[in-house]
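Enquirer: Going by full-length UniProt numbering, the sequence shown runs without a break in its numbering and finishes at 220.
Every residue gets a Cβ at the ideal spot worked out from N, C-alpha and C, and that includes glycine.
After the structure tokens below, expect a handful of questions from me.
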Amino acid sequence: MLAKGEDLLVLPVKPVYDTVVPTPAPAVVVTRNEPIITVIHHKPAIKQKETPHVEVHPSPASSPSPSASPSPDRDEEHMPAPTPEVQAQREIILADRQQKEQLRLDRLQAERDRHQATLDKLQADRDRKQAVLDRLQADKDREQARLDRIQADKDRQQADRDRVQAEKDRQQAMTDRSRADQERAAHEMTLAKHAAEKKALLTNPYNGNYNTNRYRDKVE
1 MLAKGEDLLV LPVKPVYDTV VPTPAPAVVV TRNEPIITVI HHKPAIKQKE
51 TPHVEVHPSP ASSPSPSASP SPDRDEEHMP APTPEVQAQR EIILADRQQK
101 EQLRLDRLQA ERDRHQATLD KLQADRDRKQ AVLDRLQADK DREQARLDRI
151 QADKDRQQAD RDRVQAEKDR QQAMTDRSRA DQERAAHEMT LAKHAAEKKA
201 LLTNPYNGNY NTNRYRDKVE
């Protein structure tokens, strides 16, 4: 792989040949809130006899292997160590960032605590209101139970009155039946008596001494 801006020259095979050594691009290291450190690897190009050259693309066989390509680790290894001033500035910046982050986290935690306290207060208010409602419901239940007991007593008393009235009605019916039986028996006895008297009058011969009006009244 060729670096950006580099050309590969293929020259004729002859004892004397031209070689152009490309100058690597400068490596720039930029960090946030830190001074820019520029490391320049400079090597002058060696230019010999100028001859016509042919520009071709690199073939897979002639391309360098991945292991030969520069890696970031190697670049970091070749980077110079930061100076004490830069290291101190980095530590100050890092400490400032950590302090700001901690302050932000503390503010968030305080906000969460305030929200949680508000929620706890609302929950406590709900619990108190629910306790009041529960007490009111318990009072209503007790009052309803008392009214139910009173109604049950009234129902029992009404049932007792109904039983007494039913007994009175039964006795009155028995009395009415007895009176009706007595009246019917008396009426039957009267009818039997009248029939017997009528039969006796009809069977006895008239002897001339019998009162005609009396006889007629009895017959009627």
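#1: Grab the span of the alpha helix (DSSP H) containing Ala-190 for me, first residue to last.
#2: What does the alpha-carbon distance come out to for the pair Lys-154 and Arg-184?
#3: Using the C-alpha atoms, what's the distance from Gln-182 back to Ala-200?
#4: By Cβ distance, which residues of its chain are closer than 8 angstroms to Asp-106, with the 5 residues on each side in sequence left out?
#5: From Glu-111 to Ala-95, what distance separates their C-alpha atoms?
#6: Determine the direct distance from the alpha carbon of Asp-160 to that of residue 228, and round the result to whole angstroms.
#7: Return the CA-CA distance between Leu-108 and Ala-117, expressed in angstroms with no decimal places.
#8: May I have the straight-line CA-CA distance separating Gln-144 from Met-174, to the nearest angstrom?
Expert: In this structure, then:
#1: Contrary to the premise, residue 190 reads as Thr rather than Ala in this sequence. Unbroken alpha helix (DSSP H) run through Thr-190: 84 to 203.
#2: 44 angstroms
#3: 26 angstroms
#4: none
#5: 24 angstroms
#6: Within the shown structure, residues of the chain are numbered from 1 to 220, placing residue 228 beyond reach of any answer.
#7: In this structure, the straight-line span from the alpha carbon of Leu-108 to that of Ala-117 is close to 14 angstroms.
#8: 44 angstroms
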